[in-house]
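Trainee: Sequential numbering from 165 applies to the sequence shown in the numbering used here. What follows is a single structure, and I will ask about it in a moment.
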Amino acid sequence: MAGTSVLIAGLGNAPYPLTKHSLGQYLVDGLAQRLGAGRLRPHPTLRKDGGHLATAKHEGTSLLLYKTGASKLLSCILHPLSAHMRLFYTLIRPCTPQTCMHAFADRLMNISGPPIAAASRTQNAKHLVLIYDSVADAPCTLALKYGGGARGHNGVRSTQAHWPHGSFWHLRAGIGRPSDGTGLAEFVLSKLDAEERAFWGHQGKGMDLVLKALEAALGDLDGQGKDIGVQRLFR
């Protein structure tokens with residue numbers, strides 16, 4: 165849609181890159197590379213929220229590629245290997261490094277909505293494609309749907325609560341569920357394996373699927389198509 169700006173936002177936790185729960189950010193980074201936008205960088209208007217932004221054009225539409233971030237102070241405090249962090253959190257609630265990491269990761273994901281809404285206001289973007297990880301979908305698959313629930317994803321729930329322009333496109337990247345007895349919290353905070361990184365990387369088959377899904381969303385930004393509400397799968 166010519167003359168329209170669309171916010172493409174990837175959910176994740178900045179202090180924990182390359183984890184399954186930060187797949188949305190990994191995909192937005194790869195999309196920026198694929199479209200020749202370069203690296204996402206801190207933007208002056210988003211400095212307060214630590215968001216990173218890059219711009220690109222795709223078939224006449226201006227794309228604002230955005231990922232939620234964290235300030236340098238937060239990154240230091242939240243570093244999963246920080247002894248100071250473990251000591252600080254243990255004073256409040258005894259925990260292992262892994263559960264500390266998860267507690268803070270959830271906290272970051274829980275507040276995704278306000279910075280995404282701020283990016284919409286400062287960049288004058290009224291349309292959103294939200295990219296995020298999904299345990300409900302098989303690994304290395306994509307599901308695209310306009311509107312719908314958060315399916316237990318705290319970042320999506322926060323975005324829905326703060327997005328000022330109604331419904332938006334959801335692009336879910338499947339990570340599946342653990343099959344070896346690993347707890348879900350530990351699983352989503354584990355690193356993407358080499359196969360996943362290659363599949364979802366900027367030259368991978370997964371990025372081809374992301375572009376196909378994105379083209380479908382850009383062709384119907386307001387969700388007025390006859391098949392709206394129907395989940396479209398890309399695999």
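All C-beta atoms, glycine included, are put in the ideal place defined by N, C-alpha and C. For clarity, every value in this text was computed on a predicted model and none was experimentally measured.
Quick check on Thr180: does DSSP put it in helix, strand or coil?
Mentor: Checking the displayed sequence, the identity of residue 180 turns out to be Tyr instead of Thr. DSSP places Tyr180 in coil when its eight states are reduced to three.
Trainee: What is the DSSP secondary structure of Lys290, reduced to helix, strand or coil?
Mentor: Looking at Lys290 - three-state DSSP - the assignment turns out to be coil, as it is neither helix nor strand.
Trainee: Val374 to Ala201, Cα distance in whole Å?
Mentor: Val374 and Ala201: Cα-Cα distance of roughly 16 Å.
Trainee: Would you kindly work out how many angstroms separate the C-alpha atoms of Gly330 and Thr323, rounded to a whole number?
Mentor: Distance between the alpha carbons of Gly330 and Thr323 is about 11 Å.
Trainee: Is the Cβ-Cβ distance between Leu306 and Arg336 less than 8 Å?
Mentor: Contact: yes.
Trainee: Can you have a look at Ala173 and say buried or exposed, based on whether 16 or more other CB atoms are within 10 angstroms of its CB?
Mentor: Flag for Ala173 reads buried.
Trainee: Here's a check: name, in chain order, each residue in its chain whose Cβ is nearer than 8 Å to the Cβ of Asp400, leaving out the five neighbours to either side.
Mentor: Past the edges of the chain, shown from 165 to 399, lies residue 400, and the structure says nothing about it.
Trainee: Comparing C-alpha positions only, which one of Arg198, Arg205, Gly194 and Tyr296 sits nearest to Gly215?
Mentor: The shortest C-alpha separation from Gly215 is found at Arg205.
Trainee: So, is Glu360 buried or exposed, given that buried needs 16 or more other C-beta atoms within 10 angstroms?
Mentor: By the neighbour-count rule (16 or more Cβ atoms within 10 Å), Glu360 is buried.
Trainee: Excluding five sequence neighbours on each side, which residues of the same chain lie with their C-beta closer than 7 Å to the C-beta of Gly312?
Mentor: Taken in chain order, the residues that qualify are His334.
Trainee: Count the other CB atoms within 10 Å of the CB of Asn402; is the residue buried (16 or more) or exposed (fewer)?
Mentor: One cannot answer for residue 402 here, as it falls past the ends of the chain, which runs 165 to 399.
Trainee: Whose CA, out of Val320, Cys304 and Leu210, lies closest to the CA of Leu292?
Mentor: Out of Val320, Cys304 and Leu210, Val320 has the C-alpha closest to the C-alpha of Leu292.
Trainee: Compare the Cα-Cα distances from Leu272 to each of Thr232, Leu308 and Ala302 and report the closest residue.
Mentor: With distances taken between Cα atoms, Leu272 lies closest to Thr232.
Trainee: Would Val299 and Leu348 be called neighbours here (beta carbons separated by less than 8 Å)?
Mentor: Yes; because the gap between Cβ atoms is below 8 Å, this pair is in contact.
Trainee: For His329, does the three-state DSSP call read helix, strand or coil?
Mentor: In this structure, His329 counts as coil in the three-state DSSP scheme.
Trainee: Just list the residues that DSSP pairs Arg396 with in beta bridges.
Mentor: Leu308, per the DSSP bridge assignment.
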